[in-house]
Amino acid sequence: MKKTATRLRSLCAALVLLTLLFTLSVPAFGVEGGFADLYYRMNDSAEVLTEDEDNELEDALEELSVRQSFDVVIATIDSLESVGYDDMETYADDLYDYCQFGYGADMDGVLLLVSKGDRKWHISTCGYGITAFTDAGIAYLGEQMTPALAEGDYAAAFRTFIQWSDTYVTAAREGHPYDVKNLPREPLSPMFLLLALGIGLAVAFVVVSVMKGQLRSVALQQTAANYVREGSMNVTGHRDLFLYRDVHRTERAEERESSSSSGGSSTHTSSSGVTHGGGGGSF
Amino acid sequence: MAGMLEYKCPCCDGAIKFDSATQKMKCPYCDTEFDVDALKGYDQDLKEDAKPSEMEWATPGGSWAAGETAGLNTYACKSCGGEIVGDANMAASACPFCGNPIVLTGQFAGALRPDMIIPFKLDKKAAKAKLKEHLKGKTLLPRVFRSQNHIDEIKGVYVPFWLFDSDADAQLRFTATRTRCWSDKKYDYTETSYYSVRRDGTLGFDSVPVDGSSKMEDDLMESIEPFGMKDAVPFQTAYLAGYVADKYDVSAEDSIERANRRIRQSTEDAFRQTVTGYETVKLENSSIQLHGGKAKYALFPVWLLSTSWRGDNYIFAMNGQTGKFVGDLPVDKAAARKWMLGLTAAITAASYGVMWLLWLARIL
């Protein structure tokens, strides 16, 4: 199984390379249903996964893509140089276009490209993917994946990607795609329970101390303020002498750009004339 | 040897005492009232009458060990002849047999004579009412203490106080800071300016009291301050009738340190308040000279109530002039624990709820 898969995958890679190298200007040829089934959705050229992980992810991607009628694809490469590109976005778009991923006329789908050598990732969206994966959504997805990617645990990062992709598409189909004002959120951290307990203890301690304080009324007087002869205070000399000043400066926290972003997805057109969305980052 | 005095009613020969409600001497038997001033002359006559008592006792039985009797004096009650035993400082008391109030004249003779006295304004009933009030509204007071509370002893005591008058010359130096904040596009700035502030001046103090009795706890006595000197009158032994009184046993020299400390603190506080317009003010150096110091000897009225509960003694004191009531009370430890647990749980739940709401509102 693995052998055929590798052979098929190399075939796909060779095809892509060939097409890219020699027929960059060839227009996309649309075939009803797409060629997606010809290629594996888990395209591990960089060989970062074990055979078991490869199969497991392939199955998960297949199940998800078919269930949602939305192609979810993952590809890894050794480096951009090895594929003759210098831009993640262009390669991701071209890979998506030339391998004919995507459901329906709009080629609905999303592709995650990870370059092992460059330590970069990029998500390319197409068709309905542009709606489901907003810029903010992609940035958030990146935040979720990068820790695992940075540790070299690619399988975990890809599982995260598959899970969130499912959630993103479902949310979009329900009419509220994850965006600036509607990002998926961590549940309230248990730290807050500890914090609440701390507040509870502190306030209770203060209140009980006050109650105990009511029971104590005997103490030495510190001052003789009650016995100051009225009008006897006489200030005979006063001098306020300026000594020196020192100035501290602290850098102002930069305002977060995302708060001013209106959300949505930015799009561009790939070399084959297809509109893509997406974004990426490093790990 | 101290003589002993009983004020006898000129009408019925009953023992009369000072009545705080009318501020007069009153005979409890025939209700005749006498002005205290009118008694001044009478007081004088009585003193001239009183010859030094011969008090040579043949003690029956065993003899006293050396020093054992040093602090003890015995007197014979003029009404019933009963023997009254008191310590060397006792100046006024009541006969334990017939209950007649007595005053020991010798205790306040010569240099020991108080300069002034503030007569009792509030009576025993007021003290009891104040105690009830004192026990109210205290959540952690053991319930049993309140319900079972019975006063073991309640007595009106004239407590000897030293009053110090003094003028303070102060030279104080403070370090003060003023801060200013502003910002530009990139930075927030905080500018702190440091000042050396000097204040010289004088401040006068009148009648700073220091407890002159070693039997009375200093903190208890200072807690019922202040006593208002407007009610102080020149001392007359007649005021002591019906109350307990002691003469001082802590000398003025030994008491002055306590007064100095309070005067010093007050002077610093008062001048610190003239340093205005700064964010922080810190005292760097203080030099305070007290001069023109005068000490007066006064008796102040105090109601003392004592009770015992679970083997501990609790003493309450009430200012016999102003009614200020103090006294530490026991803590119900079980109730305190319950409150602590309950409050912690409630406040934790409430604040966690608020955190959830904030989370839902996307603020957290």
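From first to last, the protein sequence lines are chains A and B.
When we follow my numbering, the leftmost residue of the first sequence carries the number 91, and every step to the right adds one.
When we follow my numbering, the leftmost residue of the second sequence carries the number 13, and every step to the right adds one.
The beta-carbon is built from N, C-alpha and C at its ideal position, and this holds for glycine as well.
Best match in the options for proximity to residue i [C-alpha to C-alpha]
i: residue 245 (chain B); options: B:133, B:211, B:365, B:279; result: B:133
i: residue 224 (chain B); options: B:354, B:262, B:106, B:347; result: B:262
i: residue 173 (chain B); options: B:275, B:115, B:125, B:28; result: B:125
i: residue 326 (chain B); options: B:340, B:334, B:335, B:333; result: B:340
i: residue 269 (chain B); options: B:355, B:178, B:291, B:110; result: B:178
i: residue 358 (chain A); options: A:180, A:146, A:289, A:306; result: A:180
i: residue 120 (chain B); options: B:352, B:140, B:247; result: B:247
i: residue 277 (chain B); options: A:329, A:331, A:312, A:338; result: A:312
i: residue 330 (chain B); options: B:195, B:338, B:363; result: B:338
i: residue 107 (chain B); options: B:27, B:127, B:200, B:363; result: B:27
i: residue 211 (chain B); options: A:310, A:340, A:326; result: A:326
i: residue 296 (chain B); options: B:228, B:192, B:249, B:187; result: B:187
i: residue 115 (chain B); options: B:194, B:42, B:257; result: B:257
i: residue 25 (chain B); options: B:31, B:37, B:42; result: B:42
i: residue 159 (chain B); options: B:310, B:321, B:302; result: B:321
i: residue 239 (chain A); options: A:175, A:221, A:202, A:219; result: A:202
i: residue 155 (chain A); options: A:193, A:188, A:178, A:169; result: A:193
i: residue 183 (chain B); options: B:284, B:101, B:86, B:242; result: B:284
i: residue 320 (chain A); options: B:356, B:302, B:53, B:282; result: B:282
Counterpart residues of residue i in DSSP-defined beta bridges
i: residue 132 (chain A); result: A:164
i: residue 253 (chain B); result: Paired residue(s): none; residue 253 (chain B) is not in a bridge.
i: residue 311 (chain B); result: B:129, B:172
i: residue 221 (chain B); result: B:175
i: residue 329 (chain A); result: B:210
i: residue 193 (chain B); result: B:202
i: residue 90 (chain A); result: Because chain A here runs from 91 to 373, residue 90 (chain A) falls outside it and cannot be looked at.
i: residue 165 (chain B); result: B:318
i: residue 301 (chain B); result: B:181
i: residue 114 (chain B); result: B:105
i: residue 188 (chain B); result: B:207, B:293
i: residue 85 (chain B); result: B:98
i: residue 245 (chain B); result: B:129
i: residue 327 (chain B); result: B:318
i: residue 44 (chain B); result: None; residue 44 (chain B) has no bridge partner.
Beta-carbon spacing of residue i, residue j below 8 Å
i: residue 167 (chain A); j: residue 136 (chain A); result: yes
i: residue 324 (chain A); j: residue 214 (chain B); result: yes
i: residue 220 (chain B); j: residue 275 (chain B); result: yes
i: residue 186 (chain A); j: residue 214 (chain A); result: yes
i: residue 317 (chain B); j: residue 147 (chain B); result: no
i: residue 162 (chain A); j: residue 200 (chain A); result: yes
i: residue 254 (chain B); j: residue 29 (chain B); result: yes
i: residue 175 (chain B); j: residue 33 (chain B); result: no
i: residue 136 (chain B); j: residue 236 (chain B); result: no
i: residue 269 (chain A); j: residue 227 (chain A); result: yes
i: residue 189 (chain B); j: residue 288 (chain B); result: no
i: residue 224 (chain A); j: residue 353 (chain A); result: yes
i: residue 361 (chain A); j: residue 149 (chain A); result: no
i: residue 239 (chain B); j: residue 312 (chain B); result: yes
i: residue 18 (chain B); j: residue 112 (chain B); result: yes
i: residue 315 (chain B); j: residue 139 (chain B); result: yes
i: residue 242 (chain A); j: residue 363 (chain B); result: no
i: residue 129 (chain B); j: residue 310 (chain B); result: yes
i: residue 132 (chain A); j: residue 142 (chain A); result: no
i: residue 222 (chain A); j: residue 262 (chain A); result: yes
i: residue 303 (chain B); j: residue 127 (chain B); result: no
Proximal residues of chain C, C-beta to C-beta of residue i below 8 Å
i: residue 334 (chain A); result: Given the protein chain composition of this structure (A and B), no chain C is represented.
Please name the residues in the segment 231–247 of chain B whose beta-carbon is closer than 7 Å to at least one beta-carbon of chain A, in chain order.
231, 232, 234, 235, 237, 238
For the 8 Å Cβ check, are there 3 or more pairs between the segment 342–353 of chain B and the segment 142–157 of chain B?
yes
Given 8 Å as the limit, is there contact between the segment 213–232 of chain A and the segment 365–372 of chain A, that is, 3 or more CB pairs closer than that?
yes
Output, in sequence order along the chain, the residues in the segment 283–295 of chain A whose CB is closer than 8 Å to any CB in chain B.
283, 285, 286, 287, 289, 290, 291, 293, 294, 295
Give, in chain order, every residue of the segment 295–321 of chain B whose Cβ lies closer than 7 Å to some Cβ of chain A.
none
Closer than 8 Å is the cut-off here; do at least three beta carbon pairs connect the segment 280–291 of chain A with the segment 348–368 of chain B?
yes
Is the segment 159–166 of chain B in contact with the segment 204–212 of chain B, if contact means three or more CB pairs nearer than 8 Å?
no
Which residues of the segment 187–217 of chain B have a Cβ closer than 7 Å to any Cβ of chain A? Give them in chain order.
195, 198, 199, 200, 201, 202, 203, 204, 205, 206, 207, 208, 209, 210, 211, 212, 213, 214, 215, 216, 217
Cβ pair count under 8 Å reaching 3, the segment 247–259 of chain A against the segment 230–237 of chain A:
yes
For the segment 275–287 of chain B, which residues have a beta carbon sitting closer than 7 Å to at least one beta carbon of chain A?
275, 277, 278, 281, 282, 286
Interface positions of the segment 352–365 of chain B facing chain A (Cβ-Cβ less than 9 Å), listed along the chain:
352, 353, 354, 355, 356, 357, 358, 359, 360, 361, 362, 363, 364, 365
Under 8 Å, CB to CB, which of the residues in the segment 154–179 of chain A have a partner in chain B?
none
Would you call the segment 192–203 of chain B in contact with the segment 293–300 of chain A, where contact means no fewer than 3 C-beta pairs closer than 8 Å?
no
What residues in the segment 315–339 of chain A bring their beta carbon closer than 7 Å to a beta carbon of chain B?
315, 316, 317, 318, 319, 322, 323, 324, 325, 326, 327, 328, 329, 330, 331, 332, 333, 334, 335, 336, 337, 338, 339
Closer than 7 Å between beta carbons: that is the criterion. Which residues of the segment 224–251 of chain A meet it against chain B?
none
Using a Cβ-Cβ cut-off of less than 9 Å, give me the residues of the segment 142–154 of chain B that come near chain A, in sequence order.
146, 149, 150, 151, 152, 153
Got a sec: which bits of the segment 258–276 of chain A sit with their beta carbon under 7 Å from any beta carbon on chain B, in order along the chain?
none
Which residues, taken in chain order from the segment 324–354 of chain B, show a beta carbon closer than 7 Å to some beta carbon of chain A?
338, 339, 340, 341, 343, 348, 351, 352
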